[in-house]
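Position 131 (the sequence shown) corresponds to 139 in my numbering; numbering is contiguous.
We put the beta carbon where it would ideally sit given N, CA and C, even for glycine.
Bear in mind that the values here come from a model prediction, so they are computed numbers and not experimental data.
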Amino acid sequence: MNKGQGSLIEALQARGMRVTPQRAIIFGAIEKLEGHITAEEIFEQVQQVNPYVSLATVYRTLELLLELNLINQTNFGRSQAYFALKDHGPHHHLVCSECGYIEEFSDTIFNPVRTELEEQYGFQAHTDHLSIFGICKGCREKLAGG
Numbered sequence: 009m010n011k012g013q014g015s016l017i018e019a020l021q022a023r024g025m026r027v028t029p030q031r032a033i034i035f036g037a038i039e040k041l042e043g044h045i046t047a048e049e050i051f052e053q054v055q056q057v058n059p060y061v062s063l064a065t066v067y068r069t070l071e072l073l074l075e076l077n078l079i080n081q082t083n084f085g086r087s088q089a090y091f092a093l094k095d096h097g098p099h100h101h102l103v104c105s106e107c108g109y110i111e112e113f114s115d116t117i118f119n120p121v122r123t124e125l126e127e128q129y130g131f132q133a134h135t136d137h138l139s140i141f142g143i144c145k146g147c148r149e150k151l152a153g154g
């Protein structure tokens, strides 16, 4: 059993809930796919392991995993929800508003901003998950050339 599956088991048992095969398969799919993934992508992965798990079961399990604080949900400014494990620390995203490209970047880039906010305003900023929208290099090059 890996660390993630152990977290799932502990979280479910703490609430008096069972670790069903479906929950374990769905959590395993999230671990395997990594990054920010949609419910449909998770469903496709789950279907390879157990074709009897429904999309509704995937959605219900995602809601449970959110309640258990094991995953994050974001939409990157779109109607589609994306899910990711909470196993890595604060990180942020550059989201291209032209093509939808998403790139993660480290939280440390905000250290000077947090320090300045604290010193200037006495404000302690919580920047554990931000999405910054703009135009990626590839789209800028296409726009400049066209």
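- request: Below 7 Å CB to CB, which residues in the same chain sit around Ser15 once its five sequence neighbours on both sides are set aside?
  value: For the purposes of this step, residue 15 is taken as the residue at position 7 of the sequence shown. Result list for Ser15: Leu78, in chain order.
Can the beta-carbon of Phe141 be found closer than 9 Å to that of Cys107? Mapped onto the sequence shown, residue 141 falls at position 133. Mapped onto the sequence shown, residue 107 falls at position 99. No, the pair does not count as a contact, with Cβ atoms beyond the cut-off.
**Request:** Tell me where the beta strand (DSSP E) around Phe91 begins and ends.
**Result:** Walking along the sequence shown from the start, residue 91 turns up at place 83. Residues Tyr90 to Leu93.
At what residues does the alpha helix (DSSP H) containing Gly3 begin and finish? Any answer about residue 3 is impossible in this case: the structure gives the chain only from 9 up to 154.
| Would the segment 53 to 64 and the segment 24 to 35 be scored as touching if the rule is three or more Cβ pairs under 8 Å? | yes
* Can you grab the Cα-Cα spacing for the pair Asp115 / Ile143, in whole Å? => What you label residue 115 is simply residue 107 of the sequence shown in a count that begins at 1. What you label residue 143 is simply residue 135 of the sequence shown in a count that begins at 1. Each residue's Cα considered, the two are about 20 Å apart.
> What's the C-alpha gap between Lys40 and Tyr129?
Replying inline: Sequence index remark: in the sequence shown, residue 40 carries index 32 (1-based). Sequence index remark: in the sequence shown, residue 129 carries index 121 (1-based). Roughly 43 Å between the two C-alpha positions.
Local conformation of Ser62 per DSSP, three classes
On the sequence shown, residue 62 is found 54 positions in, with the first residue counted as 1. The answer is coil: DSSP assigns Ser62 none of H, G, I, E or B.
- Task: Report all residues from its chain with a CB closer than 6 Å to the CB of Leu73; omit the five preceding and five following residues, and keep chain order.
- Result: As a working mapping, residue 73 is identified with position 65 in the sequence shown. Excluding positions up to five away in sequence, the list reads Ile79.
request  = Compare the Cα-Cα distances from Arg86 to each of Ser139, Leu76 and Glu126 and report the closest residue.
outcome  = Position 78 of the sequence shown, counted from the start, is the residue given in the question as residue 86. Answer by Cα proximity: Ser139.
Item to complete: Can you tell me which of Arg68, Ala37, Thr46 and Ala47 puts its alpha carbon nearest to the alpha carbon of Asn58?
Response: Residue 58 sits at position 50 when you count from the first residue of the sequence shown. If we check each option's Cα against that of Asn58, Ala37 comes out closest.
Applying the criterion that 16 or more other CB atoms from any shown protein chain within 10 Å of the CB defines a buried residue, is Val121 buried or exposed?
-> In the sequence shown, counting from the first residue as 1, residue 121 sits at position 113. Answer is exposed; the Cβ neighbour count stays below 16.
Q.
Please list the terminal residues of the continuous alpha helix (DSSP H) segment that includes Glu52.
A. Working through the sequence shown from its first residue, we reach residue 52 at position 44. Counting along the chain, the alpha helix (DSSP H) containing Glu52 begins and ends at Ala47 to Val57.
**OP:** Work out the CA separation of Ile117 and Asn132 for me, nearest whole Å.
**Re:** What you label residue 132 is simply residue 124 of the sequence shown in a count that begins at 1. What you label residue 117 is simply residue 109 of the sequence shown in a count that begins at 1. Residue identity check: residue 132 is Gln in the sequence provided, not Asn. Whole-angstrom Cα-Cα distance: 16 Å.
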